[in-house]
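Numbering (our numbering), first residue to last: 173 to 402.
Each remark here refers to the structure printed beneath this line.
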Amino acid sequence: MNKLTFHKKLLAVLIDPDKTPIKNIKSICQKIELLNADIILVGGSILFNSIDKHVEELKKYTQKSVYIFPGSIYQISTQADGILFLSLLSGRNPEYLIGQQVLAAPILKHTLLDVLPVAYILIDGGRISSVQYMSNTMPIPSDKTDIVLATCYAAEYLGFKAIYLEAGSGAEKPIPFSLVQTVSQSVSIPIIVGGGIRNKEMVLNYFEVGANMVVVGTAFENDTFEFNRE
Ligand code: 1GP
Numbered sequence: 173m174n175k176l177t178f179h180k181k182l183l184a185v186l187i188d189p190d191k192t193p194i195k196n197i198k199s200i201c202q203k204i205e206l207l208n209a210d211i212i213l214v215g216g217s218i219l220f221n222s223i224d225k226h227v228e229e230l231k232k233y234t235q236k237s238v239y240i241f242p243g244s245i246y247q248i249s250t251q252a253d254g255i256l257f258l259s260l261l262s263g264r265n266p267e268y269l270i271g272q273q274v275l276a277a278p279i280l281k282h283t284l285l286d287v288l289p290v291a292y293i294l295i296d297g298g299r300i301s302s303v304q305y306m307s308n309t310m311p312i313p314s315d316k317t318d319i320v321l322a323t324c325y326a327a328e329y330l331g332f333k334a335i336y337l338e339a340g341s342g343a344e345k346p347i348p349f350s351l352v353q354t355v356s357q358s359v360s361i362p363i364i365v366g367g368g369i370r371n372k373e374m375v376l377n378y379f380e381v382g383a384n385m386v387v388v389g390t391a392f393e394n395d396t397f398e399f400n401r402e
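Right under this line is the structure:
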């Protein structure tokens, strides 16, 4: 099992099983190699396809860590290396704060998955995101730095191992760089940033202001994203 550590800046590619036909997985793995990405996340807000087959196929063609990025309890796969054990801390819906986690915990207990507790913080990305709609929670307005910070402090005090600042898939307004900088200067746990990230410059800027992991989904799916650190 590959355990997720934040020993260096990580580029993550997000694969949504509904948008990725199984037959494309082999070529996707080749693209991920060329991109020099560090980790593959698999998941979505809602799933029409089983996540297991996608994870199994990914593991056939890549040595990279595959972590589940679950939209719900139905997205657990024992084939993966680990799971981001998310709690939607920006919201006030108990189902996504603790309900799904209680249902998932006994299942995870019988797996070898690396379970990483992550405070999932949804920030307004300029349009209603799937996360907002499906979780029935409000995102934090991106200019309310005090609320974001207070939520991040709470995440740290509650013992989460990372904070995920999420603008929502396909966000028009990705997380402001200044906000990532403020958060990274204020907490000591790793910061993951995702939502609407379109190019290499944005990724490098997020790394520069303190993000430990940057997640790219839509731009990778659309084949518009190029990144290579060498
Ligand atoms: C969504 O943060 C991820 O949960 C990725 O967003 O699809 O906009 O890259 P994009």
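Where is the CB? At the ideal position from N, CA and C, for every residue including glycine.
These numbers were taken from a predicted model, which means no experiment stands behind them.
Quiz item: Got a sec? Which residues, its chain only, sit under 8 Å from Ile270 by beta carbon, not counting five neighbours each side?
Solution: Ser259
Quiz item: Looking at the structure shown, is Ala326 part of a helix, part of a strand, or coil, going by DSSP?
Solution: helix
Quiz prompt | Closest residue to Glu393 among Lys180, Lys181 and Asn196 (Cα-Cα distance) | solution = Asn196
Self-check item: Euclidean distance between Cα positions of Asn396 and Asn221
Solution: Checking the sequence shown, residue 396 turns out to be Thr, not Asn. Spanning the two alpha carbons is a distance of roughly 24 Å.
Self-check item: CB of Ile255 within 7 Å of CB of Leu285, strictly
Solution: yes
Quiz item: Skipping 5 residues on each side, what residues in its chain have a beta carbon closer than 6 Å to that of Ala383?
Solution: Val352, Ile363 and Val365
Exercise. Find the nearest neighbour of Ile279 within the set Gly298, Leu261, Val290 and Phe257, judged by alpha-carbon distance.
Key: Phe257
Exercise. Spell out a yes or no on whether the stretch 261 to 269 and the stretch 306 to 321 are touching, meaning 3 or more CB-CB pairs, one atom from each, closer than 8 Å.
Key: yes
Self-check item: Beta-carbon proximity list for Leu288, same chain, < 8 Å, skipping 5 on both sides
Solution: Leu176, Tyr239, Gly254, Ile255, Leu256, Phe257, Lys333 and Ala334
Exercise. Since I believe Cys324 is in contact with Val359 (beta carbons under 8 Å), could you give me their beta-carbon distance rounded to a whole number of angstroms?
Key: 5 Å
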